[in-house]
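Chemist: Below you'll find the structure I mean.
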Amino acid sequence: PGNDVILVVDNVHATYNHAITALHGVSFELRRGEFLALLGANGAGKSTTLKAVSNLLPAERGQINAGAIGFEGGDVSHRRPGDLVRAGLVQVLEGRHCFKSLTVEENLVSGGIGRSGRRAEINQDLQRIYDFFPRLAEKRRTLAGLTSGGEQQMTAIGRALMSRPRLLVLDEPSMGLAPLVVQDIFLALKKLNRETGLSILVAEQNSAVALKYADHATVLENGVSVLTGAAADLRQREDMRAFYLGQQ
Ligand code: ATP
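Sequential numbering from 2 applies to the sequence shown in full-length UniProt numbering.
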């Protein structure tokens, strides 16, 4: 792949406990600056794919049995998850992880691992995050645990941004959130992607919203990537809506 490809997932097969097959043939590429959605039903293998990308499978007794994943041209399986974060591959895990007993701003500041602790720089990054998520600016002094689900998801995304990612990976950011809040979050992701060139990989069951904002999408079915295309094209396809995504 050329230098314009930031992530390559090449025919990945993965199991848990050397037994349960979760993935058996997942392939896709993410170009620099692209916003790619990974779609599929519950259990199709989206989370497993994202964990494989950040080399988080070993921590869950998962293993890649075949295939490879390259980030910026290097195989991720040789790198610890924290090293990948420092290299710019940052993931927002499923379930909007934030520290509930810290304020929103403390949560954001805590996200800046592996970077300079200079106050001026931190303040600059905080300001950028508040520009993308004005709601967080209003709630900066509020304990994260007292904010809404949507605000907690924004806080989790903001924390990830404090690490200055080159590739931002998000697992099911819409989970448990009201439709309007989901739109807000995807709109902010789109804006980040457009205005800063940040590459984004998002796993979503909510294909309607993902296809509205992403550039491209890859569909997983039973651990296999069965289809990749431009989001605008996939939106039009009847078979896609009815069969893969379970929508009418
Ligand atoms: P979801 O929306 O439920 O997260 P998904 O598309 O992300 O679905 P995965 O979570 O990747 O799917 O699951 C793929 C398969 O791997 C499923 O059969 C699941 O039961 C199995 N699996 C996932 N995590 C584990 C684990 N820690 N141990 C054993 N099996 C697992």
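We put the beta carbon where it would ideally sit given N, CA and C, even for glycine.
Owing to the predicted nature of the structure, the values given are computational and were not obtained by experimental measurement.
Taking the runs of the alpha helix (DSSP H) that are 4 residues or longer, which of them lie wholly in the region 56–103?
Modeler: Fully enclosed alpha helix (DSSP H) runs of 4 or longer: 82–87.
Chemist: Do you know how far the Cα of residue 133 is from the Cα of residue 104?
Modeler: Counting from 1 along the sequence shown, the entry for residue 104 is found at position 103. Counting from 1 along the sequence shown, the entry for residue 133 is found at position 132. If I take the Cα positions, the gap works out to 18 angstroms.
Chemist: Reducing DSSP to helix, strand and coil, say where residue 232 ends up.
Modeler: To locate residue 232, count along the sequence shown from 1; it is residue 231. Residue state, collapsed to three classes: helix.
Chemist: Under three-state DSSP, which class holds residue 209?
Modeler: Here residue 209 refers to the residue found at position 208 of the sequence shown. Correct three-state label for residue 209: helix.
Chemist: Within the chosen definition, does the region 153–170 reach the region 122–130 through at least 3 CB pairs nearer than 8 angstroms?
Modeler: Verdict: yes, contact present.
Chemist: Identify whether residue 133 lies in helix, strand or coil by the three-state DSSP scheme.
Modeler: Mapped onto the sequence shown, residue 133 falls at position 132. Correct three-state label for residue 133: helix.
Chemist: Could you spell out where the beta strand (DSSP E) holding residue 185 opens and where it closes?
Modeler: Position 184 of the sequence shown, counted from the start, is the residue given in the question as residue 185. Segment 180–197 is the alpha helix (DSSP H) holding residue 185; no beta strand (DSSP E) there.
Chemist: Tell me the rounded alpha-carbon separation between residue 92 and residue 167.
Modeler: Position 91 of the sequence shown, counted from the first residue, corresponds to residue 92. Position 166 of the sequence shown, counted from the first residue, corresponds to residue 167. So the two alpha carbons sit approximately 11 angstroms from each other.
Chemist: Quick check on DSSP: helix, strand or coil for residue 249?
Modeler: Position 248 of the sequence shown holds residue 249. With a pLDDT of 39 at residue 249, under the threshold of 50, the modelled position of this residue cannot be trusted; read the value that follows with caution. Residue 249: coil per DSSP, three-state reduction.
Chemist: State yes or no: is the C-beta of residue 236 within less than 8 angstroms of the C-beta of residue 154?
Modeler: Working through the sequence shown from its first residue, we reach residue 236 at position 235. Working through the sequence shown from its first residue, we reach residue 154 at position 153. No. Outside cutoff.
Chemist: Using three-state DSSP, classify residue 48 as helix, strand or coil.
Modeler: The residue given as residue 48 occupies position 47 in the sequence shown. In the structure shown, residue 48 sits in a helix (DSSP, three-state: H, G or I).
Chemist: For ligand 1, is there any heavy atom lying closer than 7 angstroms to the beta carbon of residue 53?
Modeler: Along the sequence shown, one-based indexing puts residue 53 at 52. No; taking the cut-off as 7 angstroms, the Cβ of residue 53 has no heavy atom of ligand 1 nearer than that.
Chemist: With DSSP as the reference, label residue 12 as helix, strand or coil.
Modeler: Residue mapping note: residue 12 aligns to position 11 of the sequence shown, counting from 1. Of the three classes helix, strand and coil, the one that applies to residue 12 here is strand, per DSSP.
Chemist: Does the beta-carbon of residue 205 have 16 or more other beta-carbons within 10 angstroms, so that it is buried, or is it exposed?
Modeler: Here residue 205 refers to the residue found at position 204 of the sequence shown. So residue 205 counts as buried.
Chemist: With a CB to CB cut of under 8 angstroms and the five nearest residues on each side skipped, what residues in its chain are close to residue 271?
Modeler: Only positions 2 to 249 of the chain appear in this structure, which leaves residue 271 out of reach.
Chemist: Of the choices 77, 212 and 140, whose alpha-carbon is the least far from that of residue 183?
Modeler: Within the sequence shown, the letter at position 182 stands for residue 183. Closest by alpha carbon: 212.
Chemist: For a test of your reading of the model: does the CB of residue 44 fall under 7 angstroms from any non-hydrogen atom of ligand 1? Yes or no.
Modeler: The residue given as residue 44 occupies position 43 in the sequence shown. At least one heavy atom of ligand 1 is nearer than 7 angstroms to the Cβ of residue 44, so yes.
Chemist: Verify the contact flag: residue 48, CB atom, against every heavy atom of ligand 1, threshold strictly below 7 angstroms.
Modeler: Taking the first residue of the sequence shown as position 1, residue 48 is located at position 47. Within the cutoff, so yes.
Chemist: Would a C-beta distance cut-off of 8 angstroms place residue 82 and residue 111 closer than the cut-off?
Modeler: Against the sequence shown, residue 82 aligns to sequence position 81. Against the sequence shown, residue 111 aligns to sequence position 110. Not in contact: residue 82 and residue 111 (Cβ atoms no closer than 8 angstroms).
Chemist: Using the rule of at least 16 other Cβ atoms within 10 Å of the residue's Cβ for burial, across every protein chain shown, is residue 217 buried or exposed?
Modeler: In the sequence shown, the residue the question calls residue 217 occupies position 216. When all chains shown are included, residue 217 counts as buried.
Chemist: Could you tell me which residues DSSP puts in a beta bridge with residue 21?
Modeler: Along the sequence shown, one-based indexing puts residue 21 at 20. In DSSP, residue 21 forms a bridge with 17.
Chemist: In angstroms with no decimal places, state the Cα-to-Cα distance between residue 249 and residue 178.
Modeler: The sequence position of residue 249 within the sequence shown is 248, counting from 1. The sequence position of residue 178 within the sequence shown is 177, counting from 1. With a pLDDT of only 39 at residue 249, under the threshold of 50, the placement of this residue in the model should not be trusted, and no figure is reported.
Chemist: Relative to the C-alpha of residue 185, which candidate in 200, 169, 210 and 170 has its C-alpha closest?
Modeler: Your numbering for residue 185 matches position 184 in the sequence shown. If we check each option's Cα against that of residue 185, 210 comes out closest.
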